[in-house]
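Worksheet for the structure shown next.
Chains as they are written, first to last, in my numbering: chain A, 2 to 572; chain B, 2 to 572.
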């Protein structure tokens, strides 16, 4: 058999494995060495492929697809630095437990370490950032080796979805000539089905938990990446126990569309001034670490029984106060609890949180609603979301403002962020991956100028696939978060040089660069109006703000809440 | 002593080590965790610092500085994906033996693997792509630990320069509060001097080499990254032996300003048709692997004695035909040879190469010099270079066209490229690193649209530091090289989707985005005129070309040379 046929069969067997493992989306970057993988995958009827020129953006685009589909997504690139560009997205996928199947083409063994072009050591290239690394054998014409390639494909794809989920890496050495025979059918291999189980507790344990939690003053704290299918169950449990739920915006509970009295949205503000005064007997945390610093500081100060529920079992307890680790699927745990007798705590407990929420809300509504501040932009963004929309929130200030202000909404919509490693790289590309899910859906990205600048090349995908993303760019000419941190005390020149780091980039030109509709916003009402219109195409909405002014406004708001709390509670 | 003071002393001791090891340039990306390193390094009078928001670009900018200064350059970033963005530039530095000292800030040990924000496993983050990884201890207030930090700094920086040179990585765990006391003087440590030796051969060996090479038909093949101080010596030796020098453009021999008869520039063309007809007894190769595929194919077909001279001793012999590895400094080897009796081979040997060069040149001069083709752009670029200018050539087609056409020049100027892993990422940033060396110098970048697109964010440094780089952007709307490879045989839609991958980006907007002067070129004479004017600011010169048309023109030129060679030599 010719080299072309055996290589084609071998790669097709691998692809059959990826498909049987669950791959339905792939992001391919152009290159020569990866030719057989790209062509054969691109031609699969089962797989939707996207082509992204910049591998760094491609990695994050795949991450977005994986987030929104909750499925393994394949990444394909050529050899050399192309593969190195995936490391940021792979690191984020590893920390946020998303299944990526990374396929890097490589020179065959005889061309390695010999000065052959575009060749570097790709073995274990991503080190500890992937769950598994496989160096594939060279293609061979034998039934056994086709089966081997198939097995590597299906096994790696499955492993990426086994808990804890995460990225896997297959390095594929390929010999020239690289063009496959794209008319060959896939070779026949012995196919494998996979059923992936979840972690479940015994009835004895959940009995004991329902006893331990009954008649106690407890709180539920829910961080990012909470299992969406468990939200209703958690609210049911919280209502039975009379416990408040302090839910991060990325837990998607505040925007689940169920206005339960137990959801307390303004903890990020009141917990700044009410730490010792709120002392639960029991704390139960779900999801990843919450964004809110006051919440995390409060958790670290508590001495009650602290249960951490993790389906991925990662022991993410930065508070060091955890007393019990519960390695369990959330749906399973909460369903079991609902079948037990859960006894509520005294009414006053939940009332305390409701009073505090009311107090914060009153201070919020006193703010000037006509001034186009960063928090007002955030508010208009969530107020104008409609049913089933998607919102991606960038790191640094956008997620923090959203955490502070987001109320419990009537409208149900989804909020996403990159909270694995919290980078400001690849944000736009991740949001575009979400938008690719469904062109009828309204997808928004709330982002600052530094993060938007960092992933300028990512916008090529918005243009190429006309992805209907609305980018709300809050341009305060640099890194706004540093005005909220201790670095602000530095001499101005040092602060501006090293931290504020204005890029001076004009984003109107960025929009034009990609033929994307652009609007500059000058009033709250204009922002309302523009966001109330849906768009089926990508568009850029830029709002210019002042870093220092906004930092001051946030401080003033906190000061007002502090006074109100001192007046009503701490006197 | 306060945490602030001991952290400041500890980091200052580390920085003293970097300086004593030879660091004079640093590229810093903004971030919070890296605050003490950034501030203290930024304030060092001995070190020039550059601030680059995008860490991927920052890595390549540092690579450019390291290339042009031949010195270790420090990179500083915060924790998380920021650090992951360095991998492409580190991979290139590793393959091209450039000393980078990578300093990544990290959370302290107690916050790792706990869900603390922006935290991932940074130990051995760059795996095999760095020469050395050091996890620094946490700062402590003790003379011993200051000495330890100093030693790690000076040792790592020194190791990056010991042969084979390459990048090193120091991971620095830092506890809050992060603001250093920038008034503290550096602590007193025991300082170390380092003298780094070179690899030298014994006189017996060089005696034997001069015997082996005398009276033989030999060729010198010189690849990229050749030691510039050895050029004159190599030309002297070649003239004594009567051997041709086949020198890659990146060996900087064709542009050394010494028009020796031994330098044969057009091998990339004539070796396509004259392989078996040119059979040297001795081949001596210096530098990294040459770009020219015909040259490499010819080397693989030869059966003569094949000497590979490597100062970095990497055994880069993709031809598999090497018979002798010479691990030696080039200057030392060539100086020793010049002191021996070197006997020239017969005159006809060099004459053969000169006749072939003449034949190729005649065909070149027959081409239409008014048509704005990609090769004509390349020609105008080198024809208008002036003494001591710098030219950075992108990978893919620009370096190949330059290799084919570049004659032996009267003018001396330097040519650089990223030929370690040959990526099309980070090209602009590397060129900007060169331009930062000297603002009086004329620095040019010859680049295609895909590579230019890939590093769009890199241009922020051109704006910020007003680096006088002239970017000659050859825009053929996609990956031109694939029209020269076997992929061109694919059906048009598949070819366009997966390989040509037009981004459709308008670079005029990219230029405006950064306030960079922009000119679009429509004729050869206009290009001549624009390039003949020097610029002290960054500028963008865009030339639109047609991919297919240019691929055809290259093929036609080769066809004409082939006919001429068949007529004169192979009949």
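Cβ coordinates follow ideal geometry from the N, Cα and C atoms, glycine included.
Own chain partners of residue 476 of chain B with C-beta closer than 6 Å, once the 5 adjacent residues on each side are dropped: Along the second chain, read from residue 1 onward, the residue named residue 476 of chain B stands at position 475. Shown here for residue 476 of chain B: same chain residues with a beta carbon closer than 6 Å to its own, the five before and five after excluded, namely 450, 543 and 545 in chain order.
Just reading off the beta strand (DSSP E) that residue 445 of chain B is part of, what are its end residues? As a working mapping, residue 445 of chain B is identified with position 444 in the second chain. Segment 444–449, the beta strand (DSSP E) holding residue 445 of chain B.
Helix, strand or coil: how does DSSP classify residue 381 of chain A here? Within the first chain, residue 381 of chain A is the residue found at index 380, counting from 1. If DSSP states are grouped into helix, strand and coil, residue 381 of chain A belongs with the helices.
Distance CB(residue 514 of chain A)-CB(residue 507 of chain B) smaller than 7 Å: Within the first chain, the letter at position 513 stands for residue 514 of chain A. Within the second chain, the letter at position 506 stands for residue 507 of chain B. Less than 7 Å divides the Cβ of residue 514 of chain A from the Cβ of residue 507 of chain B.
Using a Cβ-Cβ cut-off of 7 Å, state whether residue 180 of chain B counts as contacting chain A. Here residue 180 of chain B corresponds to residue number 179 of the second chain, with the count starting at 1. Yes - at least one Cβ of chain A is within 7 Å of the one on residue 180 of chain B.
Cα-Cα separation, residue 264 of chain A to residue 215 of chain A: The count along the first chain starts at 1 and reaches residue 264 of chain A at position 263. The count along the first chain starts at 1 and reaches residue 215 of chain A at position 214. For residue 264 of chain A and residue 215 of chain A, the distance between alpha carbons rounds to 19 Å.
Name the residues in the region 65–96 of chain A whose C-beta lies less than 9 Å from a C-beta of chain B; which are they? For chain B, the residues of the region 65–96 of chain A that bring a beta carbon within less than 9 Å of one of its beta carbons are 80, 81, 82, 83, 84, 85, 86, 87, 88, 89, 90, 91, 92, 93, 95 and 96, in chain order.
Residue from B:471, B:479 and B:480 whose Cα sits closest to the Cα of residue 444 of chain B: As a first step, residue 444 of chain B is located in the second chain; it is residue number 443 there, counting from the start. It is B:471.
Terminal residues of the continuous beta strand (DSSP E) containing residue 26 of chain B? Translated into positions along the second chain, residue 26 of chain B becomes position 25. Note, residue 26 of chain B: beta strand (DSSP E), 26–29.
For residue 257 of chain A, which residues from the same chain have a beta carbon less than 7 Å from its beta carbon, with the 5 sequence-adjacent residues on both sides left out? Translated into positions along the first chain, residue 257 of chain A becomes position 256. Within the same chain, Cβ atoms closer than 7 Å to the Cβ of residue 257 of chain A are found at 232 and 413, the five residues on either side in sequence being excluded.
Using the three-state DSSP reduction, which class does residue 55 of chain A fall into: helix, strand or coil? For this step, residue 55 of chain A is matched to residue 54 along the first chain. Coil, per DSSP.
Residue 454 of chain B touches chain A at which residues, Cβ-Cβ below 9 Å? In the second chain, residue 454 of chain B corresponds to position 453, counting from 1. Per Cβ cutoff of 9 Å: 54, 55, 458 and 461.
Would you report the Cα separation of residue 187 of chain A and residue 100 of chain A, rounded to the nearest angstrom? As a working note, residue 187 of chain A is residue 186 in the first chain. As a working note, residue 100 of chain A is residue 99 in the first chain. If you take the alpha carbons of residue 187 of chain A and residue 100 of chain A, they lie about 25 Å apart.
DSSP puts residue 134 of chain B in a beta bridge; with which residues? Against the second chain, residue 134 of chain B aligns to sequence position 133. According to DSSP, which records beta bridges pairwise, residue 134 of chain B is partnered with B:170.
Can you pull the chain B neighbours of residue 424 of chain A, defined as C-beta to C-beta under 7 Å? Here residue 424 of chain A refers to the residue found at position 423 of the first chain. Those within 7 Å of residue 424 of chain A in chain B are 81, 82 and 83.
Say whether chain A places a C-beta atom closer than 7 Å to the C-beta of residue 110 of chain B. What you label residue 110 of chain B is simply residue 109 of the second chain in a count that begins at 1. So no, residue 110 of chain B is outside the interface.
How about residue 573 of chain B and residue 223 of chain B: are their beta carbons less than 7 Å apart? One cannot answer for residue 573 of chain B here, as it falls past the ends of chain B, which runs 2 to 572.
Interface residues of chain A around residue 119 of chain B at Cβ under 9 Å? Translated into the one-based positions of the second chain, residue 119 of chain B becomes position 118. 396, 422, 423 and 424, listed in chain order.
Would you mind working out which of B:149, B:81 and B:562 sits nearest residue 362 of chain B, comparing C-alpha positions? Along the second chain, read from residue 1 onward, the residue named residue 362 of chain B stands at position 361. Residue B:562 is the option with its Cα nearest to residue 362 of chain B.
Among the residues of its own chain, which have a CB less than 7 Å from the CB of residue 435 of chain B, if the five just before and after it don't count? One-based indexing of the second chain puts residue 435 of chain B at position 434. Sequence-distant Cβ neighbours of residue 435 of chain B in its own chain, meaning closer than 7 Å and more than five residues away, are 65, 68, 69, 391, 393, 417 and 444.
Three-state class that DSSP yields for residue 429 of chain A in the structure shown: Along the first chain, read from residue 1 onward, the residue named residue 429 of chain A stands at position 428. DSSP places residue 429 of chain A within a helical segment (H, G or I) once states are collapsed to three.
Which residues mark the beginning and the end of the beta strand (DSSP E) in which residue 500 of chain A is found? Along the first chain, read from residue 1 onward, the residue named residue 500 of chain A stands at position 499. No beta strand (DSSP E) holds residue 500 of chain A; DSSP gives it neither H nor E.
Thinking C-alpha only, which one of B:267, B:440, B:318 and B:309 is nearest residue 1 of chain B? The displayed coordinates of chain B run from 2 to 572. Any statement about residue 1 of chain B would go beyond what the structure contains.
How is the alpha helix (DSSP H) around residue 540 of chain A delimited, first residue to last? For the purposes of this step, residue 540 of chain A is taken as the residue at position 539 of the first chain. Residue 540 of chain A -> not in any alpha helix (DSSP H); beta strand (DSSP E) instead, spanning 540–545.
Would you mind telling me which residues of chain B sit closer than 8 Å to residue 487 of chain A, beta carbon to beta carbon, in chain order? Here residue 487 of chain A refers to the residue found at position 486 when the first chain is read from its first residue. What residue 487 of chain A touches in chain B: 178, 179 and 180.
Please list, in chain order, the residues of the region 37–50 of chain B that have any C-beta partner in chain A closer than 7 Å. Here the close residues are 39, 40 and 43.
Determine the chain A residues that contact residue 126 of chain B at a beta-carbon separation under 7 Å, and present them in chain order. Position 125 of the second chain, counted from the start, is the residue given in the question as residue 126 of chain B. 128, listed in chain order.
Between which residues of its own chain and residue 512 of chain B is the CB-CB distance below 6 Å, once the five residues before and five after are set aside? Taking the second chain and counting its residues from 1, the one referred to as residue 512 of chain B is at position 511. Result list for residue 512 of chain B: 519 and 541, in chain order.
Looking at residue 373 of chain A and residue 525 of chain A, is the spacing between their C-beta atoms short of 7 Å? Counting from 1 along the first chain, the entry for residue 525 of chain A is found at position 524. Counting from 1 along the first chain, the entry for residue 373 of chain A is found at position 372. Result yes, Cβ atoms of residue 525 of chain A and residue 373 of chain A sit closer than 7 Å.
Measuring alpha carbon to alpha carbon, tell me which of A:406, A:399 and A:326 ends up nearest residue 359 of chain A. Taking the first chain and counting its residues from 1, the one referred to as residue 359 of chain A is at position 358. Taking only the C-alpha atoms, the option nearest residue 359 of chain A is A:406.
My output table needs one value for residue 78 of chain B: the three-state DSSP class, helix, strand or coil. Residue mapping note: residue 78 of chain B aligns to position 77 of the second chain, counting from 1. Assignment of residue 78 of chain B by DSSP, reduced to helix, strand and coil, places it in the strand class.
Kindly indicate if chain B contains any beta-carbon less than 7 Å away from that of residue 131 of chain A. In the first chain, counting from the first residue as 1, residue 131 of chain A sits at position 130. No, residue 131 of chain A does not count as interfacial toward chain B.
Please state whether DSSP places residue 142 of chain A in a helix, a strand or coil. Counting from one through the first chain, the residue named residue 142 of chain A turns up at place 141. Residue 142 of chain A: coil per DSSP, three-state reduction.
For a contact defined as C-beta to C-beta under 9 Å, what are the partners of residue 513 of chain B on chain A? Locating residue 513 of chain B in the second chain gives position 512, counting from the first residue. The contacting residues are 507, 509, 510, 513 and 514.
Measuring only the C-alpha atoms, how far is residue 58 of chain B from residue 94 of chain B? As a first step, residue 58 of chain B is located in the second chain; it is residue number 57 there, counting from the start. As a first step, residue 94 of chain B is located in the second chain; it is residue number 93 there, counting from the start. If you take the alpha carbons of residue 58 of chain B and residue 94 of chain B, they lie about 14 Å apart.
Any beta-carbon of chain B closer than 7 Å to the one on residue 115 of chain A? Looking up residue 115 of chain A in the first chain gives position 114. For residue 115 of chain A, the answer is yes, since a Cβ of chain B falls inside 7 Å of its Cβ.
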